[in-house]
Amino acid sequence: MADTQLMQIPGHIDPLTIPRDITPREDGRVDLIGLPRPQIAALFETAGLDAKAAKLRAKQCFHWLYHRGVTDFDMMTDIAKTMRPWLTERFVIGRPEVVEAQISTDGTRKWLLRTADAHDFEMVFIPDETRGTLCVSSQVGCTLNCTFCHTGTMRLVRNLTPGEIVGQVMLARDALGEWPKGSMAGFGPEADEDDLDDEDLGDYSAKGRLLTNIVMMGMGEPLYNFDNVRDALRLVMDGDGLGLSRRRITLSTSGVVPMIERCGAEIGVNLAVSLHAVTKEVRDEIVPINRKYGIEELLEACAAYPRSSNSRRITFEYVMLKGKNDRDEDAYELIRLIKHYKLPAKVNLIPFNPWPGAIYECSDPERIRRFSTIIFDAGISAPVRTPRGRDIDAACGQLKTSAEKKSRAELERQAAAVWAEKQAALG
Ligand code: SAH
Ligand code: SF4
0 MADTQLMQIP
10 GHIDPLTIPR
20 DITPREDGRV
30 DLIGLPRPQI
40 AALFETAGLD
50 AKAAKLRAKQ
60 CFHWLYHRGV
70 TDFDMMTDIA
80 KTMRPWLTER
90 FVIGRPEVVE
100 AQISTDGTRK
110 WLLRTADAHD
120 FEMVFIPDET
130 RGTLCVSSQV
140 GCTLNCTFCH
150 TGTMRLVRNL
160 TPGEIVGQVM
170 LARDALGEWP
180 KGSMAGFGPE
190 ADEDDLDDED
200 LGDYSAKGRL
210 LTNIVMMGMG
220 EPLYNFDNVR
230 DALRLVMDGD
240 GLGLSRRRIT
250 LSTSGVVPMI
260 ERCGAEIGVN
270 LAVSLHAVTK
280 EVRDEIVPIN
290 RKYGIEELLE
300 ACAAYPRSSN
310 SRRITFEYVM
320 LKGKNDRDED
330 AYELIRLIKH
340 YKLPAKVNLI
350 PFNPWPGAIY
360 ECSDPERIRR
370 FSTIIFDAGI
380 SAPVRTPRGR
390 DIDAACGQLK
400 TSAEKKSRAE
410 LERQAAAVWA
420 EKQAALG
């Protein structure tokens with residue numbers, strides 16, 4: 000996998016180099032979720048169907064899996080009754096296991112999920128008045144170690160597979176009761192989605208749905224798991240798959256510059272970049288990948304990112320850390336950089352979300368307001384994001400799973416050790 004070869008990290012925190020596109024199960028059955036349709040057809044053929052039948056069954060199955068959300072072959076009513084046990088013997092329709100589901104006082108929901116090989120990761124759903132955003136994880140843990148991020152204190156356990164990534168979206172639809180029931184009539188393209196190209200519209204639309212948007216902003220660095228994220232998002236965007244417009248999907252990266260171009264070419268979703276600082280000194284410290292790919296390189300890659308209209312501005316995420324990156328000069332430098340690289344950009348100011356052992360404090364509300372005003376006055380949108388789900392540790396950067404209960408001192412020691420390892424790896 001080319002993506003993981005970009006930054007070799009020695010020892011047990013090296014990103015997986017072997018793609019795991021099929022999760023092997025103890026009972027030998029193959030999970031169909033996460034596989035593209037031709038691969039499903041190929042599996043059916045290997046299992047004994049002739050080529051034509053395999054293709055037809057794959058098409059039917061795909062529709063049931065992604066349009067109807069069924070998890071049982073017996074529900075596939077247009078497949079012959081005698082055929083269904085044949086499928087059940089050989090295949091499964093998987094979902095990540097739900098270990099725990101929590102709901103915040105503000106309506107944000109967080110799920111602790113578990114892979115078939117027993118690794119825990121998290122997914123968050125954030126409803127607001129106009130949209131419902133699912134925050135999806137791409138890795139268990141993270142390759143990187145931004146100093147303000149709780150996930151960054153975890154080792155990278157492994158990349159999530161396409162099935163585990165798209166499975167999060169499917170699980171959310173299960174939980175929200177958002178699979179169509181009965182006939183498919185009424186799920187045609189919606190005329191009122193005028194901000195979308197026709198080619199973007201699958202059979203589903205945002206109308207009347209709770210889950211309208213997806214952000215790759217959960218645990219992990221999606222561009223260090225490029226192939227799997229791409230394959231999963233293709234299923235999410237496929238008109239015959241989950242049918243969500245790419246305009247409603249945003250991928251956030253800490254700045255894996257060589258993969259940004261491929262992200263534009265092969266996925267084509269909205270891009271968010273975790274900038275967080277405007278000087279080398281500060282960004283090297285808080286987003287250490289900056290030592291490998293600096294601010295100029297990063298912004299050049301952003302300037303080259305494909306976009307067709309103003310609705311596809313690049314989002315720069317900027318976490319507000321007291322006394323670290325929140326001076327007026329930082330705001331002015333941010334404006335200068337955005338203008339210098341002629342970036343159609345908006346800036347999301349994220350109040351720092353604290354976690355046990357964090358070495359930063361959030362900037363004061365007044366400082367954040369002032370920072371925002373400076374940027375707004377330069378004609379660049381710079382809203383302050385309201386933290387969501389803080390009470391259940393679901394806010395940005397708070398995701399960290401740990402099955403074992405450890406003392407605070409132990410956690411801090413462990414975090415320090417992981418930090419030292421990852422720093423050494425970045426050189
Ligand atoms: N790894 C990717 C995506 C996941 S993080 C990335 O870094 O972009 C999603 C966003 O939350 C990023 O902008 C990240 O920098 C930010 N974030 C991390 N920890 C945070 C914290 N404690 N408070 C506020 N934002 C945080
Ligand atoms: Fe990883 Fe993103 Fe957290 Fe940095 S901010 S440690 S890249 S999840």
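For what it's worth, numbering that gives the first Met the number 0 labels the leading residue of the sequence shown as 0, then goes sequentially. Glycine included, C-beta positions come from ideal geometry on N, C-alpha and C. As the structure is a computational prediction, the values presented were derived from the model and not from experiment.
- Looking at the backbone, the Cα of C60 and that of E265 are separated by about 25 Å.
- For secondary structure counted as the beta strand (DSSP E) over 3 or more consecutive residues, the segment 247 to 301 holds these complete runs in sequence order: 248 to 252 and 269 to 273.
- For a cut-off of 8 Å, the C-beta gap from M218 to G140 is around 7 Å, short enough to register as a contact.
- Out of P126, Y223 and I164, the CA that lies nearest to the CA of T107 is found in P126.
- Residues A330, L333, I334, V346 and A381 of the same chain have their beta carbon placed closer than 7 Å to that of I374, with the five preceding and five following residues left out of the count.
- Per DSSP, the beta bridge partners of D119 are R113.
- In the structure shown, I125 adopts extended strand secondary structure according to DSSP, grouped into three states.
- The C-beta of R368 has fewer than 16 other C-beta atoms within 10 Å across all chains shown, which makes the residue exposed.
- In the DSSP assignment, A100 falls within the unbroken beta strand (DSSP E) covering E96 to I102.
- Nearest Cα to V277 within the set V235, L143, R233 and I337: I337.
- With 16 or more neighbouring CB atoms inside 10 Å of its own CB, K421 falls in the buried class.
- In its chain, beyond the 5 residues on either side, Q59 have a beta carbon closer than 8 Å to the beta carbon of D77.
- Under the three-state reduction of DSSP, D73 is assigned to helix.
- If you look at A344, you'll find it in the beta strand (DSSP E) that goes A344 to P350.
- Straight-line spacing of the CA atoms in P161 and E365 works out to 43 Å.
- It is roughly 21 Å from the alpha-carbon of D26 to the alpha-carbon of D119.
- According to the DSSP secondary-structure assignment, Q167 is paired through a beta bridge with no residue.
- Judged by DSSP in its simplified three-state form, I334 adopts helix.
- Taken from the Cβ of G151, at least one heavy atom of ligand 2 lies inside 6 Å.
- The beta carbons of A344 and R312 sit about 6 Å from each other, so the pair counts as a contact at 8 Å.
- Excluding its 5 nearest sequence neighbours in each direction, R36 has C-beta neighbours in its own chain below 8 Å: A57, K58, F61 and D239, listed in chain order.
- Around D105, the same chain offers R387 and G388 as residues with beta carbons nearer than 7 Å, after the five sequence neighbours per side are excluded.
- Under the three-state reduction of DSSP output, V139 falls in the strand class.
- DSSP places N212 within a strand segment (E or B) once states are collapsed to three.
- Closest in C-alpha terms to Q101, from the list D390, K399, C395 and W418, comes D390.
- Per DSSP, L320 lies in no alpha helix (DSSP H) and is assigned neither H nor E.
- Here W178 is exposed. Its C-beta has fewer than 16 other C-beta atoms within 10 Å.
- Of L270, I164 and H339, the smallest CA-CA separation from V228 is found for I164.
- Runs of alpha helix (DSSP H) with 4 or more residues, each lying fully within the segment 353 to 399, are found at 364 to 376, listed in chain order.
- The beta carbon of Q38 lies closer than 6 Å to none in the same chain, with the five residues before and after it left out.
- I313 has A344 as its beta-bridge partners, per DSSP.
- Residue state for C60 is assigned as helix, using DSSP reduced to three classes.
- Boundaries around T132 are those of the beta strand (DSSP E), G131 to C134, since no alpha helix (DSSP H) includes it.
- Taking 7 Å as the cut-off, the beta carbon of R28 is found closer than this to the beta carbon of F90.
- Segment contact: the segment 286 to 299 against the segment 239 to 248, fewer than three CB-CB distances shorter than 8 Å; contact not assigned.
- The closest heavy atom of ligand 2 lies 6 Å or more from the beta carbon of C60.
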